[in-house]
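Offset between the sequence shown (1-based) and the numbering used here: plus 5.
In this text, a Cβ means the ideal position worked out from N, Cα and C, and glycines have one as well.
One structure is given below, encoded as structure tokens.
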Amino acid sequence: MPRAELTLFAHIAARPDGELDLAQAALLVAEDEYPGLDVAAYIERLDVMGEGARRVLLDLDKPGDRRSQARLERALAFVYGELGFAGNASDYYDPRNSWLNDVLDRKVGIPITLAVVLLEIFARAG
6 MPRAELTLFA HIAARPDGEL DLAQAALLVA EDEYPGLDVA AYIERLDVMG EGARRVLLDL
66 DKPGDRRSQA RLERALAFVY GELGFAGNAS DYYDPRNSWL NDVLDRKVGI PITLAVVLLE
126 IFARAG
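Have a look at this one:
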């Protein structure tokens with residue numbers, strides 16, 4: 006009998022790209038390593054970070070200027086400066102760099118998981 010989290014992951018992963026919840030899917034994958042992982046708590050943490058990013062970027066919201074260099078620089082400064090996320094330069098192959106929950110807890114990861122963090126924070130920021 007398949008485990009519930011894998012069944013839920015398969016259901017989420019089968020959604021069309023526009024409906025895929027990347028953070029939820031990544032956290033469900035991590036649940037294999039961390040049984041009983043509180044996925045909702047990590048989603049809430051991303052929601053809070055997204056709200057923080059929205060506030061930081063609010064004054065840069067101008068019609069037609071949503072991809073400006075200043076917006077990008079401020080967004081990256083928020084995640085890597087204010088929130089303190091960083092690449093794991095000392096131990097790239099540490100498995101914790103690959104689990105989204107560990108990356109959110111430690112604020113250290115590899116490029117792919119840091120990209121997920123960026124995408125999810127700024128999707129929530131609008």
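message: Among the candidates A130, A28 and G23, whose CA atom is the shortest distance from the CA of L105?
response: The count along the sequence shown starts at 1 and reaches residue 105 at position 100. Out of A130, A28 and G23, A28 has the C-alpha closest to the C-alpha of L105.
message: Rounded to whole angstroms, what is the Cα-Cα separation between I48 and A31?
response: To locate residue 48, count along the sequence shown from 1; it is residue 43. To locate residue 31, count along the sequence shown from 1; it is residue 26. Distance between the alpha carbons of I48 and A31 is about 11 angstroms.
task: Helix, strand or coil for P75, going by three-state DSSP, please let me know.
output: Walking along the sequence shown from the start, residue 75 turns up at place 70. A small correction: the amino acid at residue 75 is Ala; Pro does not occupy that position in the sequence shown. Residue state, collapsed to three classes: helix.
- request: Just mark D107 as buried or exposed, buried being the case when its beta carbon has 16 or more other beta carbons within 10 Å.
  value: For the purposes of this step, residue 107 is taken as residue 102 along the sequence shown, with counting starting at 1. Result: buried.
task: Taking all protein chains shown into account, decide if E38 is buried (16 or more other Cβ within 10 angstroms of its Cβ) or exposed.
output: Taking the first residue of the sequence shown as 1, we reach residue 38 at position 33. With fewer than 16 neighbouring CB atoms inside 10 Å of its own CB, E38 falls in the exposed class.
query: Between L124 and T118, what straight-line distance do the alpha-carbon atoms span, to the nearest angstrom?
result: Working through the sequence shown from its first residue, we reach residue 124 at position 119. Working through the sequence shown from its first residue, we reach residue 118 at position 113. So the alpha carbons of these two residues sit roughly 10 angstroms apart.
message: On the DSSP letters alone, give me the boundaries of the alpha helix (DSSP H) that N106 sits inside.
response: Along the sequence shown, read from residue 1 onward, the residue named residue 106 stands at position 101. According to the DSSP assignment, N106 belongs to the alpha helix (DSSP H) that extends over L105 to R111.
task: Grab me the residues of G92's own chain with a C-beta within less than 8 angstroms of its C-beta, minus the 5 sequence neighbours each way, in chain order.
output: Start at 1 with the first residue of the sequence shown, and residue 92 comes out as number 87. V113, G114, I115, P116 and L119.
message: Can you look up G114 in the DSSP assignment and give me helix, strand or coil?
response: Walking along the sequence shown from the start, residue 114 turns up at place 109. Correct three-state label for G114: strand.
query: Who does L91 pair with in a DSSP beta bridge?
result: Within the sequence shown, numbered from 1, the residue matching residue 91 stands at position 86. In the sequence on display, residue 91 carries Ala and not Leu. The beta-bridge partner set that DSSP reports for A91 consists of V113.
message: Please state the DSSP three-state secondary structure of Y85.
response: For the purposes of this step, residue 85 is taken as residue 80 along the sequence shown, with counting starting at 1. In this structure, Y85 counts as helix in the three-state DSSP scheme.
- request: Between the Cα of A82 and those of I126, D26 and V34, spot the shortest distance and give me the residue it belongs to.
  value: Position 77 of the sequence shown holds residue 82. The candidate whose alpha carbon is nearest that of A82 is I126.
- prompt: Helix or strand or just coil, what does DSSP make of A35?
  reply: On the sequence shown, position 30 is the one that residue 35 refers to. Helix, per DSSP.
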